[in-house]
Amino acid sequence: MEMLCADCGCRVDAGVRTAVCADAACCCKDLPIRETPDGPTGGQFEVAPET
Ligand SMILES: [Zn+2]
Ligand SMILES: [Zn+2]
Numbered sequence: 000m001e002m003l004c005a006d007c008g009c010r011v012d013a014g015v016r017t018a019v020c021a022d023a024a025c026c027c028k029d030l031p032i033r034e035t036p037d038g039p040t041g042g043q044f045e046v047a048p049e050t
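Set out below in structure tokens:
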């Protein structure tokens, strides 16, 4: 479950950051950063379908 950190603004999902804030005093700086925003299959999407 993804949630927004109320202190700095990072988006955190199960202890992993999916979006990083611009706060110099980020309270989540110790958390690892997930490179793919949402990749249940392992992050293999190069071209997003445009409708
Ligand atoms: Zn942060
Ligand atoms: Zn935080």
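Numbering (numbering that gives the first Met the number 0), first residue to last: 0 to 50. Here a beta-carbon is modelled for each residue, glycine too, at the ideal position from N, C-alpha and C. This structure is a prediction, so every number in the text was calculated from the model and none was measured.
Mind checking who residue i pairs with in its DSSP beta bridge?
i         : result
valine 11 : Met2, Arg16
Among the options, which has the Cα closest to the Cα of residue i?
i            : options                   : result
aspartate 12 : Cys4, Asp6, Met0, Val19   : Met0
arginine 16  : Ala23, Thr50, Cys27       : Cys27
aspartate 22 : Gly14, Thr50, Cys9        : Cys9
cysteine 25  : Gly14, Thr50, Cys7, Arg33 : Cys7
Below 7 Å from a heavy atom of ligand 1 - residues by beta-carbon: Having a Cβ closer than 7 Å to some heavy atom of ligand 1 are Cys4, Cys7, Gly8, Cys9, Val19, Cys20, Asp22, Cys25, Cys26, Cys27, Lys28.
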